[in-house]
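A short worksheet on the structure shown next.
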Amino acid sequence: MLPYEMHECYCQVIGGRIGVLGSFDDFGAWNRKTEKKLIPAAEDPALELRNVSRRFGKTVALDGVSLTIGAGEIICLVGRSGCGKSTLLRMIAGVDTIDAGRILLNGDEVSGPSIFVEPEDRKIGFVFQDYALFPHLTVEQNILFGLRGRPKKAAAYRANEILDHIGIEHLKARYPHMLSGGEQQRAALARALAPQPDILLMDEPFSNLDRGLRDRVRDETLSLLRRLGTTVIMVTHDPEEALSAGDRIVLMRSGGIVQTGSGYDLHDRPVNPYAAEFFCAFNKVPGVFREGHVETAIGRFAQRLELGEGSPATLYIRPQGISVSRGGGQFRGHVQSRVFLGDVEQLAVKVDGLEQPLLVKTMLRLEAGTDLVGLVVSPESCLAFPAA
Amino acid sequence: MTSAARSRHRRSTGSRWLVCTGAVACFVMLPFLALLLQAVQGSAGLWSHLVSTVLPVALMDTIILLSGVGLIAAIIGTTTAWLVTAYTFQGRRVLEWALLLPLAVPTYIIAYAYLDILHPIGPVQGAVRWLLGYSSPREFRLPDLRSMTGCIVLLGFVLYPYVYIPVRAMFLTQSANLIEAARTLGVSRRAIFWRVALPLARPAVAVGVSLALMETLNDIGASEFLGVRTLTVSIYTTWVTRSDLPGAAQIALALLAMVVALVAWERWGRGKQRYASSAQRNRAFEPRRVSSATGLLLFIAGLLPILVGFAAPAAYLVVAAWKRVEFAGFSSRFLFEAANTIGLAAAATAMTVVFGLLVAYAGRLRPGLLTFWFHRLSTLGYAAPGTVVAIGILIVLGTFDRFVDHTAIAWFGISTGLLTMGSSAALLYAYTVRFLAISAGGIEAGLSRIPLSFDHAARTLGQSKVGTFRYVHLPLSKAAITAAGLLVFVDCVKELPATLLLRPLNVETFATHLYGEAARGTYEEASIAALAIVAIGILPVILLSRMGRVSSRA
Numbered sequence: 113m114l115p116y117e118m119h120e121c122y123c124q125v126i127g128g129r130i131g132v133l134g135s136f137d138d139f140g141a142w143n144r145k146t147e148k149k150l151i152p153a154a155e156d157p158a159l160e161l162r163n164v165s166r167r168f169g170k171t172v173a174l175d176g177v178s179l180t181i182g183a184g185e186i187i188c189l190v191g192r193s194g195c196g197k198s199t200l201l202r203m204i205a206g207v208d209t210i211d212a213g214r215i216l217l218n219g220d221e222v223s224g225p226s227i228f229v230e231p232e233d234r235k236i237g238f239v240f241q242d243y244a245l246f247p248h249l250t251v252e253q254n255i256l257f258g259l260r261g262r263p264k265k266a267a268a269y270r271a272n273e274i275l276d277h278i279g280i281e282h283l284k285a286r287y288p289h290m291l292s293g294g295e296q297q298r299a300a301l302a303r304a305l306a307p308q309p310d311i312l313l314m315d316e317p318f319s320n321l322d323r324g325l326r327d328r329v330r331d332e333t334l335s336l337l338r339r340l341g342t343t344v345i346m347v348t349h350d351p352e353e354a355l356s357a358g359d360r361i362v363l364m365r366s367g368g369i370v371q372t373g374s375g376y377d378l379h380d381r382p383v384n385p386y387a388a389e390f391f392c393a394f395n396k397v398p399g400v401f402r403e404g405h406v407e408t409a410i411g412r413f414a415q416r417l418e419l420g421e422g423s424p425a426t427l428y429i430r431p432q433g434i435s436v437s438r439g440g441g442q443f444r445g446h447v448q449s450r451v452f453l454g455d456v457e458q459l460a461v462k463v464d465g466l467e468q469p470l471l472v473k474t475m476l477r478l479e480a481g482t483d484l485v486g487l488v489v490s491p492e493s494c495l496a497f498p499a500a
Numbered sequence: 016m017t018s019a020a021r022s023r024h025r026r027s028t029g030s031r032w033l034v035c036t037g038a039v040a041c042f043v044m045l046p047f048l049a050l051l052l053q054a055v056q057g058s059a060g061l062w063s064h065l066v067s068t069v070l071p072v073a074l075m076d077t078i079i080l081l082s083g084v085g086l087i088a089a090i091i092g093t094t095t096a097w098l099v100t101a102y103t104f105q106g107r108r109v110l111e112w113a114l115l116l117p118l119a120v121p122t123y124i125i126a127y128a129y130l131d132i133l134h135p136i137g138p139v140q141g142a143v144r145w146l147l148g149y150s151s152p153r154e155f156r157l158p159d160l161r162s163m164t165g166c167i168v169l170l171g172f173v174l175y176p177y178v179y180i181p182v183r184a185m186f187l188t189q190s191a192n193l194i195e196a197a198r199t200l201g202v203s204r205r206a207i208f209w210r211v212a213l214p215l216a217r218p219a220v221a222v223g224v225s226l227a228l229m230e231t232l233n234d235i236g237a238s239e240f241l242g243v244r245t246l247t248v249s250i251y252t253t254w255v256t257r258s259d260l261p262g263a264a265q266i267a268l269a270l271l272a273m274v275v276a277l278v279a280w281e282r283w284g285r286g287k288q289r290y291a292s293s294a295q296r297n298r299a300f301e302p303r304r305v306s307s308a309t310g311l312l313l314f315i316a317g318l319l320p321i322l323v324g325f326a327a328p329a330a331y332l333v334v335a336a337w338k339r340v341e342f343a344g345f346s347s348r349f350l351f352e353a354a355n356t357i358g359l360a361a362a363a364t365a366m367t368v369v370f371g372l373l374v375a376y377a378g379r380l381r382p383g384l385l386t387f388w389f390h391r392l393s394t395l396g397y398a399a400p401g402t403v404v405a406i407g408i409l410i411v412l413g414t415f416d417r418f419v420d421h422t423a424i425a426w427f428g429i430s431t432g433l434l435t436m437g438s439s440a441a442l443l444y445a446y447t448v449r450f451l452a453i454s455a456g457g458i459e460a461g462l463s464r465i466p467l468s469f470d471h472a473a474r475t476l477g478q479s480k481v482g483t484f485r486y487v488h489l490p491l492s493k494a495a496i497t498a499a500g501l502l503v504f505v506d507c508v509k510e511l512p513a514t515l516l517l518r519p520l521n522v523e524t525f526a527t528h529l530y531g532e533a534a535r536g537t538y539e540e541a542s543i544a545a546l547a548i549v550a551i552g553i554l555p556v557i558l559l560s561r562m563g564r565v566s567s568r569a
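Residue numbers (the working numbering), protein chains in the order written: chain A, 113 to 500; chain B, 16 to 569.
See the structure below:
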């Protein structure tokens, strides 16, 4: 598009190159709000958190969080409620203050010991869990709300452009209460994206949608954001959503980061039992570590552990990593209960030598009244951690 | 890039709000502190005189009055609330809002009206005598209205809506499940009221009664016209006829102690209410359909308090005002009073709403312990009787005027006289102190319905704090602010005790005019003024009934 702002645009020359596009205000001062970096300095990450801490009274909401996010990345902040993920998002947006540490956006410090940039000056988009669409404004007016300060024509052009992008042009004259949940979500997204923010923050953006709708809206939203190359930080409490949505996942727990990495990293190679159990309901079998193996009541499993010989260890087995055979198997057990889930059936199998029954997910259709089954554990679906 | 230039220190804007709300809190607290100081300094001789003569009678009368009014208001308020929520009959919808109408009649007006209606040679007693065949009041008369009993009954009939409103809300929000559970556990339909509904409504009754009693403590007109010497009346006479400010301050302090007890009771009630209504909110229970004969009886029962508390006095006022206008037309005096009443009320409303906005908005922008306490302190005046506030302000502004006067004489040789006391400033001060809670509370309720995420959305979309207020909060809380303003305005128009004590010389409002004539026993133009007050008083009743309907629909 040809931006309408062009006719009053000026450039700042940085290091012999035209680096920044923007305009001067009525008093001849450089107006930072209009500023747009043409060449983001390659070494500047989109967002950098350095040891960010925050307490509310005696409770520690964030405890020295450090994180670096590159431009165009889609990050999922995931964790149980109260782990500080939403707090972190609010601090990045600047609607809440930090107690210690620094936050840098595109290399500029926006929160720090002596600096606090007001949220309206941060160039950040925010999609709220409840969408926070202003009920007294139409969808179009909601979008124009964030474009105040631009020339009228440019704002209208931009609003139409984003409505078109998101595919909600037909809704622009409606008020929020006349929209369905999915439509509200898209309107909120359009409003947040309209001012072309450097980073888009989304706080549980899909949790208010019905299950079927949620997956579709999420896929559409994320593919749009990828196409636009937007840097996104999304908060969710849903492990599956995190695994499917983010380029990188940040797992948080009680104000700190547990593990950062791709979905495969977190799911397949969790760093500790908490991370492991967050993404999968493991069977936990007690054992002893000897000669590179965890020895348990149901067999020996090769595992790499930094543990002394003979130390207690716990074997973690995925329910779908145990296969059922009608005869034979590595060991046998009695079926205690069955829950039919559709694609698979979940069995609780009591095995001699184990206190807890093993949970098994199988696609095999067992006859009613089946009691004794044989089980085989596939070694690649096992993890081990030192016993707690 | 000059990040330092665009950064502001993080606490700066927040502390500006804090200073503002702190100033408002001091403004409101000042009269009470002055009262305390004055009372402590008061000469011991006078106090012992007060203790031995005035206080015991006043205290006893006040306690009897409070108990009586509380009982009557509780009974009428609770039964009418049950009537319109538990049964459905012809005319129930009308009763639902009409039961609020007595709110439009201030206590001094109902006393004023009934003094004439029930006068030995008035219409009612005349009719009774005619029916019984007597010819002169000397042969037969009803007991005199001017008694403690008369005062209790009259106040009870205008103050019961304070109980009716919260109790009805309580009945409406109680889920049908509780009633149904009780039925399945063997409680008969008849016993439901006593065994389930009433115990659940007890906190709401406590809230309502405490509000009605605060109103009773504030009353000066009715008790004085009907010859009941309450603490409030004693404060007034101690200052006006004896010019004894420390004495008045001391009685005011005693009165304030009673108010504190009432407030504590109200808070207790509200705390319990929250607990009781936290039960899962399902359907409101279905009112029971009754036969048309029973329905008629219920309707008449519900009509009774409206008749006594509103219809009869209002009709009397209309007739009396009509006669007066036919006889003498509107005098210019009436127009002056109208201008005074409305002008003062409008100015006070503007001030109160601005202060209310400040206090309520600070709670949103900078929540914290200090803000919380400033808010508490600034809304302290809502329970304080007008006389107490007025005496406190007399002390504060008297001192202020004297100080300015002395300074002016010392420096410029000019006497400024009574700078604030001679103007309407004192009155505006009193109205603000008394009604700030209404405006702050109403505005706060309006703001609290706006999710915090709206603020964050507006800020991340490039609006400053001021812009957020202008483009988001203001349009969304317009209705709440207007409603708060209306309530304050009407209360200012109705206010009598503080107006009586603080108005500048020769400034008459509707309320003070009415008081003056009723106190003299003349009934010339007062009926027109009274009718005007009642007419204005109906405005918030309309507002309340609309809110009630919305909340019962939701």
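For each residue, glycine too, the CB sits at the ideal point set by N, CA and C. No experiment lies behind these values; they were computed from the predicted model shown.
Review point. In chain A, which residues lie with their C-beta within 7 angstroms of the C-beta of B:A377?
Key: Those within 7 angstroms of B:A377 in chain A number zero; the least Cβ separation is about 17 angstroms.
Practice item. Answer with yes or no whether the minimum CB distance from A:D242 to chain B is below 8 angstroms. Key: yes
Review point. Relative to the C-alpha of B:G236, which residue among B:H528, B:V556, B:P555 is closest?
Key: B:H528
Review point. Counting contacts by CB-CB distance shorter than 8 angstroms, is A:R298 in contact with chain B?
Key: Closer than 8 angstroms: no.
Check your understanding: Looking only at C-alpha atoms, which of A:L363, A:F394, A:Q297, A:G206 sits nearest to A:G224?
Key -> Answer by Cα proximity: A:G206.
Review point. Where does B:L44 sit, in a helix, a strand or coil, going by DSSP?
Key: The sequence shown places Met at residue 44 of chain B, not Leu. If DSSP states are grouped into helix, strand and coil, B:M44 belongs with the helices.
Point to revise | Length at least 4, wholly inside the segment 108 to 141 of chain B: the alpha helix (DSSP H) runs in chain order | key: 122 to 132
Exercise for review: From the DSSP output, in three-state form, read off B:A398 for me.
Suggested key: coil
Exercise for review: For B:G371, I'd like the list of residues in its chain whose CB is within less than 7 angstroms of its CB, leaving aside the five on either flank, ordered along the chain.
Suggested key: Taken in chain order, the residues that qualify are L451, S454, A455, I458, A499.
Review point. Thinking just about the alpha-carbon of each residue, which of B:G92, B:S203, B:R107, B:L52 is nearest to the one in B:G324?
Key: The option with the nearest alpha carbon to B:G324 is B:G92.
Review point. In chain order, what residues of the same chain have a beta carbon less than 6 angstroms from the beta carbon of A:V406, not counting five sequence neighbours either side?
Key: Counting only Cβ-Cβ distances below 6 angstroms, and skipping sequence neighbours, we find G399, F413, Q415, A425, L427, A496.
Exercise for review: Could you check which residue in A:G440, A:A173, A:T343 has the C-alpha nearest to that of A:G184?
Suggested key: Checking every option, the nearest Cα to that of A:G184 belongs to A:T343.
**Study point:** Assigned exposure category for B:L118 - 16 Cβ within 10 Å defines buried
**Key:** buried
**Study point:** Coil, strand or helix - A:N163 by DSSP
**Key:** strand
Check your understanding: Counting only beta-carbon atoms, is A:P317 nearer than 8 angstroms to chain B?
Key -> With 8 angstroms as the cut-off, A:P317 does not count as an interface residue toward chain B.
**Study point:** Simplified DSSP assignment, three categories, for A:K235
**Key:** Assigned with DSSP and collapsed to three states, A:K235 falls in coil, not helix or strand.
Practice item. With a threshold of 16 other CB atoms inside 10 Å of the CB of B:A354, please say whether the residue is buried or exposed. Key: Counting C-beta atoms within 10 angstroms of its own C-beta, B:A354 has fewer than 16 neighbours from the protein chains shown and is therefore classed as exposed.
Review point. Quick one: which chain A residues come within Cβ less than 7 angstroms of B:S468?
Key: Ordered by position in chain A, the residues that pass the 7 angstroms Cβ test against B:S468 are F240, D242, A244.
Check your understanding: Looking at C-alpha atoms only, which residue of B:R518, B:V66, B:V99 is the closest neighbour of B:R303?
Key -> B:V99
Practice item. Could you pull the start and end residues of the beta strand (DSSP E) that A:C188 belongs to? Key: 186 to 190
Check your understanding: Starting from A:E457 and walking both ways along the beta strand (DSSP E), at which residues does that stretch end?
Key -> Unbroken beta strand (DSSP E) run through A:E457: 457 to 463.
Practice item. Thinking B:R449 and B:G396 are a contact (beta carbons under 8 angstroms), I'd like their distance in whole angstroms, please. Key: 5 angstroms
Exercise for review: Using a Cβ-Cβ cut-off of less than 8 angstroms, list which residues of the segment 189 to 214 of chain A approach chain B; keep chain order.
Suggested key: R202, A205, G206, V207, T209
Exercise for review: Alpha carbon to alpha carbon, how far is A:P317 from B:A212? Give it in angstroms, no decimals.
Suggested key: Answer to the nearest angstrom: the Cα atoms are 43 angstroms apart.
Point to revise | Identity of the residues DSSP links to A:L471 by a beta bridge | key: BP columns for A:L471 point to A:A460.
Exercise for review: Starting from A:P263, find everything on chain B with Cβ-Cβ shorter than 8 angstroms and list it in chain order.
Suggested key: Result: empty, since nearest Cβ-Cβ is about 15 angstroms, beyond 8 angstroms.
Point to revise | B:A54 versus B:L268: straight-line alpha-carbon distance, rounded | key: 7 angstroms
Review point. If we call anything under 8 angstroms between Cβ atoms a contact, is A:T372 one with A:R360?
Key: In this structure, A:T372 sits near A:R360, with a CB-CB distance shorter than 8 angstroms.
Practice item. Find the nearest neighbour of B:D131 within the set B:P328, B:P176, B:E154, B:L260, judged by alpha-carbon distance. Key: B:P328
Check your understanding: Once you ignore the five residues that flank A:G486 on each side, which residues in its own chain have a CB closer than 8 angstroms to its CB?
Key -> V436, S437, R438, G439, G440, G441, Q442, F443, R444
Check your understanding: Going by the beta-carbon positions, is the gap between B:V405 and B:P519 smaller than 8 angstroms?
Key -> It should be noted that the sequence gives Ala, not Val, for residue 405 of chain B. In this structure, the beta-carbon distance from B:A405 to B:P519 does not fall below 8 angstroms.
Point to revise | Buried/exposed call for A:D276, threshold 16 Cβ in 10 Å | key: exposed
Review point. What span of residues does the alpha helix (DSSP H) with A:A387 cover, start to end?
Key: 385 to 391
Review point. What does A:P498 reach in chain B if we use C-beta pairs closer than 9 angstroms?
Key: Neighbours of A:P498 on chain B: none; closest Cβ ~43 angstroms, over 9 angstroms.
Review point. Any C-beta of chain B sitting closer than 8 angstroms to the C-beta of A:H248?
Key: yes
Check your understanding: By the 10 Å Cβ neighbour count, where 16 or more other Cβ atoms means buried, how is A:G481 classified, buried or exposed?
Key -> exposed
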